[in-house]
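To start, the structure under review is shown below, and the notes come after it.
Residue numbers (the working numbering): 356 to 598.
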């Protein structure tokens with residue numbers, strides 16, 4: 356190729372790359388949360404004896420409405436997990452509002468008989484971004500890995516085509532929206548099943564306000580104290596509360 360045509364070639368290449376990209380700045384994401392309750396219950400204890408009487412997986416659905424200024428994560432369509440009884444995974448009614456302008460998170464969580472209202476700064480997770488790529492809901496996503504509670508590994512796939520640093524629950528801090536999330540030690544994944552480009556209203560504050568106001572680290576400390584004699588079950592519930 357003649358050098359005099361090189362600038363034109365680069366311009367055409369850049370234009371083609373930009374044309375293939377799809378950028379979404381506001382819309383709604385539908386997530387499916389899937390938990391393998393048989394593995395979650397383990398091989399010991401009285402709950403393991405009920406495995407053959409309940410479904411292997413527990414399913415819950417959520418919606419995430421987002422703009423460049425805020426996001427609101429809330430329960431989606433209802434499912435029937437009544438067969439699981441007390442064995443159903445926690446957090447089915449979690450709601451999370453993130454204000455990206457102030458970097459403040461407000462989260463409503465039901466933990467046993469009490470509802471808590473967490474109001475805190477967005478947590479700073481140390482993500483390790485890898486070269487692994489996969490396509491989720493027609494968006495190109497890159498893998499990233501972090502930890503919570505010192506040792507609990509969290510795997511995420513995020514897309515830069517949705518340039519909003521959010522995701523399911525209180526997860527974010529990546530250069531794009533998280534469309535898949537996995538916490539292997541809780542045998543649970545969140546997967547975006549549908550993304551709708553719709554106009555979303557920016558609430559000035561969280562659209563929920565009930566619960567005992569508390570900081571995230573205070574909630575973890577409270578649970579560590581009250582669940583110290585619960586063994587593995589208590590530890591898992593602390594992990595659930597930290598999502």
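For each residue, glycine too, the CB sits at the ideal point set by N, CA and C.
Please read all numbers here as calculations on a predicted model, not as lab measurements.
Taking buried to mean at least 16 other C-beta atoms within 10 Å of its own C-beta, is residue 490 buried or exposed? With a threshold of 16 other beta carbon atoms within 10 Å, residue 490 falls short and is exposed.
Do residue 570 and residue 466 have their C-beta atoms closer together than 8 Å? No; because the gap between Cβ atoms is not below 8 Å, this pair is not in contact.
From residue 512 to residue 494, what distance separates their C-alpha atoms? Residue 494 has its alpha-carbon roughly 10 Å from the corresponding atom of residue 512.
Find out if the Cβ-Cβ distance for the pair residue 387, residue 548 is shorter than 8 Å. In contact: residue 387 and residue 548 (Cβ atoms closer than 8 Å).
Distance, Cα to Cα, residue 457 vs residue 515? Rounded to whole angstroms, residue 457 to residue 515 spans 22 Å at the Cα level.
Under 8 Å: do the region 413-433 and the region 555-574 share three or more Cβ pairs, one atom per stretch? Result yes; three or more Cβ-Cβ pairs closer than 8 Å.
Beta bridge counterpart(s) of residue 475 as assigned by DSSP: Bridge partners of residue 475: 460.
Residue range of the unbroken beta strand (DSSP E) whose run includes residue 545: Annotation: the continuous beta strand (DSSP E) that includes residue 545 extends over 543-551.
How would you call residue 523, buried or exposed, if buried means at least 16 neighbouring beta carbons within 10 angstroms? Counting Cβ neighbours within 10 Å, residue 523 comes out buried, since at least 16 surround it.
Rank 505, 582, 521 by C-alpha distance to the C-alpha of residue 454 and give the top, closest one. Nearest C-alpha to residue 454: 521.
May I ask you to list the residues that DSSP assigns as paired with residue 452? Residue pairing by DSSP places residue 452 opposite 427, 461 in a beta bridge.
Could you check the C-alpha separation between residue 399 and residue 588 for me, to the nearest Å? At residue 399, the pLDDT of 48 sits below 50, so the modelled position is not reliable; the number obtained from the coordinates is stated separately. In a straight line, the C-alpha of residue 399 is about 12 Å away from that of residue 588.
Does residue 463 get closer than 8 Å to chain D when you measure Cβ to Cβ? Included in the structure is just one protein chain, with no chain D present.
Can you name, in chain order, every residue of its own chain whose Cβ lies under 8 Å from the Cβ of residue 585, other than the five neighbours on each side? Excluding positions up to five away in sequence, the list reads 592.
Taking the alpha carbon of residue 432 as the point to measure from, which residue in 499, 417, 551, 445 has its own alpha carbon closest? Closest option to residue 432, Cα to Cα, is 417.
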